[in-house]
Amino acid sequence: MKKTLTVEQKIEALRSEIDHHNRQYYVYDDPVIPDAEYDRLLRELQDLEAQHPGLITPDSPTQRVGDKPLDAFDTVAHSLPMLSLDNAFDEQEMADFERRIRDRLNLSEAEPIHYLAEPKLDGLALNLRYEKGRLTLGATRGDGTSGENVTSNVRTIKAIPLKLSGEGWPDVLEVRGEVFMPRKGFDRLNQQAREAGEKTFVNPRNAAAGSLRQLDPRLTAKRPLSFFAYGFGQISSGRIAARQSDCMNRLFQWDIPISPQLEVVVGIEGCLEYYNHILRVRDDLLYDIDGVVFKIDDLALQERIGSVSRAPRWAIAYKFPAQEETTRVESIEFQVGRTGAVTPVARLQPVFVGGVTVSNATLHNMDEVARKDVRPGDTVMVRRAGDVIPEVVSVVDPNREGRSRPVELPTHCPVCNSQILRPEGEAVARCSGGLFCGAQRKEAIKHFASRKALDIEGLGDKLVEQLVEQELVKDPADLYALSKEQLADLERMADKSAQNLLDALEKSKITTLGRFLYALGIMGIGETMANTLARSLGNLEAIMALRFADMVEIKSSQAAKLHQALHAVPRKQHLPLDDPDFATNFDFKWLTRTHMHLLMEKFSDLDNLMAAEAKDIANIPRLSIDGVGTVLADQLVTFFRQEHNREVIAKLQQAGVHWPDASSAASESGERPLEGKTIVITGTLSRPRDEIKSDLEALGAKITGSVSKKTDYLIAGEAAGSKLAKAEKLGVPVLDESGLQALLDASHQPSTEG
Ligand code: IVH
Numbered sequence: 017m018k019k020t021l022t023v024e025q026k027i028e029a030l031r032s033e034i035d036h037h038n039r040q041y042y043v044y045d046d047p048v049i050p051d052a053e054y055d056r057l058l059r060e061l062q063d064l065e066a067q068h069p070g071l072i073t074p075d076s077p078t079q080r081v082g083d084k085p086l087d088a089f090d091t092v093a094h095s096l097p098m099l100s101l102d103n104a105f106d107e108q109e110m111a112d113f114e115r116r117i118r119d120r121l122n123l124s125e126a127e128p129i130h131y132l133a134e135p136k137l138d139g140l141a142l143n144l145r146y147e148k149g150r151l152t153l154g155a156t157r158g159d160g161t162s163g164e165n166v167t168s169n170v171r172t173i174k175a176i177p178l179k180l181s182g183e184g185w186p187d188v189l190e191v192r193g194e195v196f197m198p199r200k201g202f203d204r205l206n207q208q209a210r211e212a213g214e215k216t217f218v219n220p221r222n223a224a225a226g227s228l229r230q231l232d233p234r235l236t237a238k239r240p241l242s243f244f245a246y247g248f249g250q251i252s253s254g255r256i257a258a259r260q261s262d263c264m265n266r267l268f269q270w271d272i273p274i275s276p277q278l279e280v281v282v283g284i285e286g287c288l289e290y291y292n293h294i295l296r297v298r299d300d301l302l303y304d305i306d307g308v309v310f311k312i313d314d315l316a317l318q319e320r321i322g323s324v325s326r327a328p329r330w331a332i333a334y335k336f337p338a339q340e341e342t343t344r345v346e347s348i349e350f351q352v353g354r355t356g357a358v359t360p361v362a363r364l365q366p367v368f369v370g371g372v373t374v375s376n377a378t379l380h381n382m383d384e385v386a387r388k389d390v391r392p393g394d395t396v397m398v399r400r401a402g403d404v405i406p407e408v409v410s411v412v413d414p415n416r417e418g419r420s421r422p423v424e425l426p427t428h429c430p431v432c433n434s435q436i437l438r439p440e441g442e443a444v445a446r447c448s449g450g451l452f453c454g455a456q457r458k459e460a461i462k463h464f465a466s467r468k469a470l471d472i473e474g475l476g477d478k479l480v481e482q483l484v485e486q487e488l489v490k491d492p493a494d495l496y497a498l499s500k501e502q503l504a505d506l507e508r509m510a511d512k513s514a515q516n517l518l519d520a521l522e523k524s525k526i527t528t529l530g531r532f533l534y535a536l537g538i539m540g541i542g543e544t545m546a547n548t549l550a551r552s553l554g555n556l557e558a559i560m561a562l563r564f565a566d567m568v569e570i571k572s573s574q575a576a577k578l579h580q581a582l583h584a585v586p587r588k589q590h591l592p593l594d595d596p597d598f599a600t601n602f603d604f605k606w607l608t609r610t611h612m613h614l615l616m617e618k619f620s621d622l623d624n625l626m627a628a629e630a631k632d633i634a635n636i637p638r639l640s641i642d643g644v645g646t647v648l649a650d651q652l653v654t655f656f657r658q659e660h661n662r663e664v665i666a667k668l669q670q671a672g673v674h675w676p677d678a679s680s681a682a683s684e685s686g687e688r689p690l691e692g693k694t695i696v697i698t699g700t701l702s703r704p705r706d707e708i709k710s711d712l713e714a715l716g717a718k719i720t721g722s723v724s725k726k727t728d729y730l731i732a733g734e735a736a737g738s739k740l741a742k743a744e745k746l747g748v749p750v751l752d753e754s755g756l757q758a759l760l761d762a763s764h765q766p767s768t769e770g
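For the sequence shown, the numbering used here assigns the number 17 to the initial residue and increments by one for each residue that follows.
Below is the structure:
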């Protein structure tokens, strides 16, 4: 039979359940119940406590929200000094450590020394005092003799128990350990700060220190802090066990978090093995560590060997190579990646960090450069963690004499001098010279040859790489000038395969306008957009001649506002029309770079624009194509305006690349015979599905993915499955391969009926 619990028992049960989930979540990052369930438990406890205020105790999990702000922290004297650690940086220094121990304790080589090994957490030291099992004090290390009383803040850290569980704890128990911020929480905190436009923390250690030393505990309560114990201060009963490792296990039984990586190792060999193991898993840990700590496990031996004023003789920190160092920025350059992304890179005075010498560090993108405001000459913090590429974390000491201007994105590619574009609202800037740019050559040619582009069979990635590396091919047009001898000389090529490739190249010369456009690799022009443009404009010349005014609109209301704003201040207060900052003077969100191009195109300079009437500034674009907005307009016009791109296109056409005018047969007869027809293709057919799709689209059909009552035909190849069944059920006409051919043939015939 179910026993009814008293209110007290219910409250007690809820508290210990919530404490347990806090530990799972905040200490082990391993929640066992969903957040909503946790919230429900907490609410239930809050409700019960509200009904029975007399039962609220300071150690209830509901009391972790944070007290009112303090004016300053009180100073508290430590009952026993909080010591530091000696460091070792290599195996020799570790061997010296054990040598000193043996000498002082008179231990022979035959006697093994056991050490408790643990990670050295990168946070800040904290002393916790429990009296009769209740948390009564939390204090920072300070100068080791006295620190700051941060109890109200410590009470908000959910990893730290407000009361000890189990039994056997001494009346007074001081536990020492490290407060730290797990990386995940740190990233989230900085993300929030960025979104709010606030300053970010340089690293989790600073974030932990800043959070623990907040005068307003309600702020600390919102910071994702955690804690692992590593030692002891005053203990009223003397030792709680004979070995350091057993003492730690007892803490764990009382719910005080300890590192899951604690291990007892034997001798220096054991220490080195542990060090190497932790070094390997370092980047997989949930928090930053900066080394490992070894302590003689036997407390009697610890006592015999004692401490010097600053640090115990029985412990040592074996430090990892630092992952962060400071150095000077020599210059900031821009690198172009294989896909055209333009990345700012800091050239640094070489510095040893993360185990290697680093002389370049990425700045990611222009948003990051602006946020960190890094400039040549500055002293910066550089970080290299694991295999991650080195990055500039922050400016430590700005050195700005004569460098008062922030770093700007170059207008032209440092590799090929094509224009650099950075679409509105995007962090990444790109070189627009894909076809032509040396940095992007391999990718551009792979793309050109790919299945949905010119579909050059046999021209795989490896082959493209060889062709580019041996400088046989600089742009896609060079492919058509390759000789059989040149090809046969390449690795893994023979006469036969060389001939096959030549045949495939020959075959690829007949294509469609949509494929050709797609193959050019213009930023923002995918397969669908390429086909849409081909269909809407019909020929390459028209596409190449596109102007901003064809695609970009200035509404009459916008024109009126701009006109008014221009005339509200004297002419000489405006920047020139082609100045990149011209638009920033006006707070019009719509006035993008592309609109500025349109104004340049139309008025060529500011005098002409100022002389114009509002109605002349407004325009209605000639084209309205689904999906073409200001961003795409910019990318298209920029691409085709560049002489070197036009040259490659001309070279390709001279080499014989062409596209039979797909729409001409139909347009001659004045119709697109499959206009308005919806067709679905399924199963395996003898030609690639994309090819069939573009044939049908050229005749006006719309190709969709699923069969419905509105479908006019289902084209079903081999192994057609559920779509075929559905078409049959709905009575949709089904065409096989020969039916398809008949449909295509019939559509190409001039109509006989009209
Ligand atoms: S033992 C009496 N163990 O490192 C020995 N310290 O550089 C006191 N630290 O002030 C320290 N992880 O804040 C110890 N597993 C660990 C540690 C650790 C981090 C910190 C601690 C100490 C500093 C010394």
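All C-beta atoms in this analysis are idealised placements derived from N, C-alpha and C, irrespective of residue type, glycine included.
Use the C-beta contact count for residue i: other C-beta atoms within 10 angstroms, 16 or more gives buried, fewer gives exposed.
{"i": "Q589", "result": "exposed"}
{"i": "G139", "result": "buried"}
{"i": "F810", "result": "This structure leaves residue 810 out entirely; the chain is present only between 17 and 770."}
{"i": "R120", "result": "exposed"}
{"i": "N624", "result": "exposed"}
{"i": "L152", "result": "Checking the sequence, you will find Thr at residue 152 rather than Leu. So T152 counts as exposed."}
{"i": "V281", "result": "buried"}
Comparing alpha-carbon positions, which option in the options lies nearest residue i?
{"i": "D203", "options": "R192, F217 and V195", "result": "F217"}
{"i": "M197", "options": "F244, L652 and E134", "result": "F244"}
{"i": "E691", "options": "D711, T698, G699 and G672", "result": "D711"}
{"i": "T167", "options": "P74, G70 and V390", "result": "P74"}
{"i": "E346", "options": "V396, A736 and D494", "result": "V396"}
{"i": "D389", "options": "P414, A575 and D621", "result": "P414"}
{"i": "Q580", "options": "L553, R551, A627 and M539", "result": "A627"}
{"i": "G149", "options": "A338, P186, A634 and K512", "result": "P186"}
{"i": "I49", "options": "V43, E60, R59 and H37", "result": "H37"}
{"i": "R508", "options": "V489, Q482 and P77", "result": "Q482"}
{"i": "G184", "options": "I173, G254 and I274", "result": "G254"}
{"i": "S323", "options": "E569, S100, E442 and K500", "result": "S100"}
Pick helix, strand or coil for residue i, following the three-state DSSP scheme.
{"i": "P77", "result": "helix"}
{"i": "Y146", "result": "strand"}
{"i": "Q365", "result": "strand"}
{"i": "P704", "result": "coil"}
{"i": "F243", "result": "strand"}
{"i": "Q611", "result": "The amino acid at residue 611 is misidentified as Gln; the sequence shows His. H611: helix per DSSP, three-state reduction."}
{"i": "P596", "result": "coil"}
{"i": "T646", "result": "helix"}
{"i": "K718", "result": "strand"}
{"i": "F564", "result": "helix"}
{"i": "V282", "result": "strand"}
{"i": "V431", "result": "coil"}
{"i": "Q277", "result": "coil"}
{"i": "R120", "result": "helix"}
{"i": "A741", "result": "helix"}
{"i": "R399", "result": "strand"}
{"i": "K631", "result": "helix"}
{"i": "F248", "result": "strand"}
{"i": "N376", "result": "strand"}
{"i": "G686", "result": "Unreliable positioning characterises G686 in this predicted model, as indicated by a pLDDT of 46, which lies under 50. The coordinate reading is nonetheless provided below. The answer is coil: DSSP assigns G686 none of H, G, I, E or B."}
{"i": "V48", "result": "coil"}
{"i": "H660", "result": "helix"}
DSSP has residue i in a bridge; who is on the other side?
{"i": "K179", "result": "R150"}
{"i": "N165", "result": "A155"}
{"i": "E190", "result": "R145"}
{"i": "C287", "result": "Answer is none; C287 lacks a bridge partner."}
{"i": "I436", "result": "C447"}
{"i": "R259", "result": "D314"}
{"i": "G747", "result": "Paired residues: none, contrary to the question."}
> In the stretch 461-521, which residue ranges form an unbroken alpha helix (DSSP H) of at least 4 residues, counting only runs that do not cross its ends?
Replying inline: 477-485 and 500-504
>> Which runs of the beta strand (DSSP E) at least 3 residues long sit entirely within the stretch 75-118? Give them in chain order.
In response: 91-93
>> What ranges does the beta strand (DSSP E) occupy inside the stretch 299-357, keeping only unbroken runs of at least 3 residues that lie completely in it?
In response: 305-312, 331-335 and 340-352
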